[in-house]
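Protein chains in written order, with our numbering: chain X, 6 to 222; chain G, 6 to 222; chain H, 6 to 222; chain S, 6 to 222.
What follows is a short report on a single structure.
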């Protein structure tokens, strides 16, 4: 599936995906978000603090991924740019992502709980791992888990560390304890696919962890 | 996000939110409801005993929040005003709320169960706490829990006590054992955001309580 | 809420409710159904063995509730009348129901499991009990639980016994082990409300039973 | 319910069912799929690696079930045929199926977990068993469970073994550990019904297994 060829269509698609993510309870309570590059030098990004399922195409900001500066503000001048901006730009610049989504799903929070004091959770034994680019269902797939901070931009130090770690180089997701996940792909469609895959991995692994603790299989 | 500027649009929005809350199973079986102030001297309020997802704009009542009297009845003369009227008015008058919603969600019932004999439940360790006005993700956020009564208006004594308690002054929600929750905000959009946030807190805290009891993390 | 005044509108409403019940996973896999009286001498009833969310108004049968005979068949001559016919008619004739729905929801199956070897489950400690006509939230509300049979019409003996039992005279539902529930009301709207209420009671009571077994509250 | 009489309508129906299965979280992350025969000599089949809820009628391939060869490719030349092709064809050729669906539902994964080291799971004690052609609610219904492989076509050996086993001759489903399920019927409508029934059996049996482990009934 090819991404939209016009900025107009991409703006529409990002808003459609926000409504989809809202229906899945990944971006409720104004939390979460999404962005996508347009060419190499610009990123379309959702505003902060708004009901994400109600964002309209002209509400989006255009940001320079290298500087994080706003190239074109939202048409709605009362809106502020997403607090995820520095994190989205870091993932775009340093992992070559074309699109990043941020989820506040409960399954992400519970999956991060499974890490305990470790810096990662391993997902394994699931066919859906194949939905992650470069991953086989036989892989043990470690996803980094970082600590939450009081301000979202303060996550950037840990995000940068995890982005650089070679042991996490095959992961397209970072879990944030008590918070959720950042998930990305080469374009909007791969981000959507990765988002669906990782949320499945979160749910399946949490379900199996609960089950096993009770003596199951 | 600004609330609607006309009463006509506000009536439509309240009905739209009732359909949304119904889809989320917060107002099933004719339970639950919503209200919103229009200016300082009037409140739009849903009727009682009707399938909430089927309420139409002319079905709403206009109530004087200070007296609780009906200023303008529903166009449908067979409808009765919501039994939540005195509670909605108390929260508007004494907490400056512009909108209040009442939820019958199962997650609210199970979250209230967590209080045991205590008069509150503490929500903590969740990024979503930031979605509550004035709240940080590092806060321990106590939400009062009251006992259910056989008639809804009889909750008013306990509601008034909780509204006045300084230890609960940062909470925009009151849980009612075996029943659900009242959740409010400065306007309809903040009520919606708070409703989504508190229901997430209920679900996450119930899920973690179950998990921990089985020896998890 | 008044029921539809024309048979045409009632046929549409029954089909709309089947789509709603399907979305709630109460009538999946062609299971479950609904009926409603039209006047005293006729009942509109869904066909058997069809995908219930795809039933259209002319697909419905008209049945004489006293004899169970078909007064007017479905316009689609390949359709057969619901196997629930004798059970629906018994509940209409002997409990004065104006509408009966049959659910195959998992929550009904799990709620019936709670009965163990008893002939009923007691629902209590839930505000939603008020949604049952004549019921207070302080009531202990016993719902009869019968054994499943290999053919649906063979349930009729147990159904008749339970309908006559004075200790179950306030119940508008009968649970069938491993199967689901019959739920009724004075008209379509009360059946819908009762269906939503009883399914909430099933879910809440199953959730609490699981929770308590693990040492919760 | 009769299947569509024209290929045009069948193409539409398959796409509609993919959207339905997506909404049920059976085919998320581009996983899963569906096919249906048209006459004896051709099968309509979904492409691989695409968001299944976005497949359009001209995207489908026409395949010869005996050879597995493509008779008519997708109109969208960038699409590849489903990797399920050999499995779908084997089930069509050797079990007389008219339609096969492939699910990546979590409930299928958790149901397969229940098999432990056995080669099957038995479903029993559920009315919904009647929704399987030829099955009674009193039957013990064994469904084969095979091991996952790193490439989907490599499942074919185990699939062929299970298709031939007389002890599984009444099953219209094969569970794949860590992966999901293949479910079929004589036509699209029976496949849909069987899919809904088997997913219900998976969910119910997993729920009961969890419950019982904690000392329930």
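Don't be surprised by glycine CBs; every beta carbon is placed ideally from N, CA and C.
Please read all numbers here as calculations on a predicted model, not as lab measurements.
How many whole angstroms separate the CB atoms of residue i and residue j, which I take to be in contact at a CB cut-off of 8 Å?
{"i": "residue 173/S", "j": "residue 188/S", "result": "With a Cβ gap of about 13 Å, residue 173/S and residue 188/S do not count as contacting."}
{"i": "residue 164/H", "j": "residue 92/H", "result": "5 Å"}
{"i": "residue 131/X", "j": "residue 155/S", "result": "The Cβ separation is near 13 Å, so there is no contact."}
{"i": "residue 208/H", "j": "residue 111/G", "result": "6 Å"}
{"i": "residue 192/S", "j": "residue 8/S", "result": "5 Å"}
{"i": "residue 186/X", "j": "residue 121/X", "result": "Actually they do not touch by this definition, with Cβ atoms about 17 Å apart."}
If you drop the 5 nearest sequence neighbours on each side, which residues of the same chain put their C-beta closer than 7 Å to that of residue i?
{"i": "residue 205/G", "result": "133"}
{"i": "residue 167/G", "result": "149, 151, 173, 179"}
{"i": "residue 218/X", "result": "Residue placement at residue 218/X is flagged as unreliable, the pLDDT there being 45, under the threshold of 50; the coordinate-derived value follows with that caveat. Cβ within range, chain order: n/a, list empty."}
{"i": "residue 46/X", "result": "69"}
{"i": "residue 161/H", "result": "91, 92, 95"}
{"i": "residue 65/S", "result": "16, 19, 49, 50, 51, 79"}
{"i": "residue 140/S", "result": "134, 146, 175"}
{"i": "residue 273/S", "result": "Residue 273/S is absent from the structure shown; chain S starts at 6 and stops at 222."}
{"i": "residue 76/H", "result": "47, 67, 68, 69"}
{"i": "residue 213/S", "result": "none"}
{"i": "residue 35/S", "result": "54, 55, 56, 57"}
{"i": "residue 100/H", "result": "168, 189"}
{"i": "residue 73/G", "result": "90, 91, 94"}
Closer than 6 Å by C-beta to residue i: which residues in its own chain qualify, once you throw out the five before and the five after it? Chain order, please.
{"i": "residue 181/S", "result": "151, 153"}
{"i": "residue 117/H", "result": "150, 180, 182"}
{"i": "residue 5/H", "result": "Absent from the structure is residue 5/H, since the part of chain H shown begins at 6 and ends at 222."}
{"i": "residue 127/S", "result": "145, 147"}
{"i": "residue 184/G", "result": "153"}
{"i": "residue 38/G", "result": "51, 87, 89, 107"}
{"i": "residue 220/S", "result": "With a pLDDT of 37 at residue 220/S, under the threshold of 50, the predicted position of this residue should be treated as unreliable, though the coordinate-derived value follows. For residue 220/S, where only same-chain residues beyond five positions count, there are no Cβ hits under 6 Å."}
{"i": "residue 60/X", "result": "20, 23, 51"}
{"i": "residue 12/H", "result": "43"}
{"i": "residue 10/S", "result": "none"}
Once the 5 residues before and after residue i are set aside, which same chain residues still bring their CB inside 8 Å of it?
{"i": "residue 21/X", "result": "none"}
{"i": "residue 202/G", "result": "133, 134, 136, 137"}
{"i": "residue 190/S", "result": "102, 103, 104, 138, 177, 196, 197, 198, 199"}
{"i": "residue 129/H", "result": "144, 145, 146"}
{"i": "residue 115/X", "result": "207, 211"}
{"i": "residue 63/S", "result": "16, 79, 80, 81"}
{"i": "residue 170/G", "result": "149"}
Practice item. Decide yes or no for the touch test of the segment 81 to 93 of chain X against the segment 48 to 66 of chain X: beta carbon pairs closer than 8 Å, at least 3 of them. Key: By the Cβ test, the segment 81 to 93 of chain X is in contact with the segment 48 to 66 of chain X, since at least three Cβ pairs between them sit closer than 8 Å.
Practice item. Pair every Cβ in the segment 183 to 202 of chain G with every Cβ in the segment 105 to 118 of chain G, then say whether three or more of these pairs are closer than 8 Å. Key: Judged by Cβ distances under 8 Å, the segment 183 to 202 of chain G makes contact with the segment 105 to 118 of chain G, as three or more pairs qualify.
Check your understanding: Are the segment 89 to 96 of chain S and the segment 13 to 21 of chain G in contact at 8 Å, needing three or more beta carbon pairs?
Key -> The answer is no - the segment 13 to 21 of chain G does not touch the segment 89 to 96 of chain S, with fewer than three Cβ pairs under 8 Å.
**Study point:** Three-pair Cβ contact test at 8 Å for the segment 63 to 75 of chain X versus the segment 25 to 32 of chain X
**Key:** Taking a cut-off of 8 Å for Cβ pairs, the segment 63 to 75 of chain X and the segment 25 to 32 of chain X do not touch, as fewer than three such pairs fall below it.
Check your understanding: Along the chain, which unbroken stretches of the beta strand (DSSP E) at least 3 residues long are found entirely within the segment 122 to 180 of chain S?
Key -> For the segment 122 to 180 of chain S, whole beta strand (DSSP E) runs of length 3 or above, ordered along the chain, are 125 to 128, 146 to 151.
Exercise for review: With 7 Å as the C-beta to C-beta threshold (strictly closer), list the residues of the segment 150 to 170 of chain X near chain G in chain order.
Suggested key: Listed in sequence order: 153, 155.
Practice item. Select from the segment 27 to 56 of chain H all residues with a C-beta closer than 7 Å to any C-beta belonging to chain S, and list them in chain order. Key: Of all residues in the segment 27 to 56 of chain H, the ones placed with a Cβ closer than 7 Å to any Cβ belonging to chain S are 33, 34, 35, 36, 55, 56, in chain order.
Exercise for review: Pull out every residue of the segment 183 to 200 of chain S whose Cβ sits closer than 9 Å to any Cβ of chain H, in chain order.
Suggested key: Residues of the segment 183 to 200 of chain S that bring their beta carbon within less than 9 Å of a beta carbon in chain H comprise 194, 197, 198, 199, 200, in sequence order.
Review point. According to a CB-to-CB cut-off of less than 7 Å, which residues of the segment 109 to 135 of chain H neighbour chain G?
Key: From the segment 109 to 135 of chain H, only 130, 131, 132, 133 have a Cβ closer than 7 Å to chain G.
Exercise for review: Quick one: which unbroken alpha helix (DSSP H) runs of 4-plus residues sit fully inside the segment 87 to 119 of chain S? Chain order, please.
Suggested key: At a cut-off of 4 residues, the continuous stretches assigned as alpha helix (DSSP H) that sit fully inside the segment 87 to 119 of chain S are 90 to 100, 111 to 118.
Review point. Using a Cβ cut-off of 7 Å, which residues of the segment 76 to 109 of chain H contact any Cβ in chain G, in chain order?
Key: Those would be none; no residue qualifies.
Point to revise | In chain order, each beta strand (DSSP E) run of at least 3 residues that lies wholly inside the segment 9 to 47 of chain H | key: Annotation note: the segment 9 to 47 of chain H contains the following uninterrupted beta strand (DSSP E) runs of length 3 or greater, listed N- to C-terminal: 38 to 42.
Point to revise | Members of the segment 8 to 22 of chain S near chain H, C-beta cut-off 9 Å | key: Within the segment 8 to 22 of chain S, no residue has a Cβ lying closer than 9 Å to any Cβ of chain H.
**Study point:** Contacting positions in the segment 58 to 77 of chain G - beta carbon closer than 8 Å to chain X
**Key:** Contact annotation: in the segment 58 to 77 of chain G, no residue has its CB less than 8 Å from a CB in chain X.
Review point. Which ranges does the beta strand (DSSP E) cover as unbroken runs of at least 3 residues, wholly within the segment 181 to 214 of chain S, from first to last along the chain?
Key: Counting only runs of 3 or more, we get 185 to 190.
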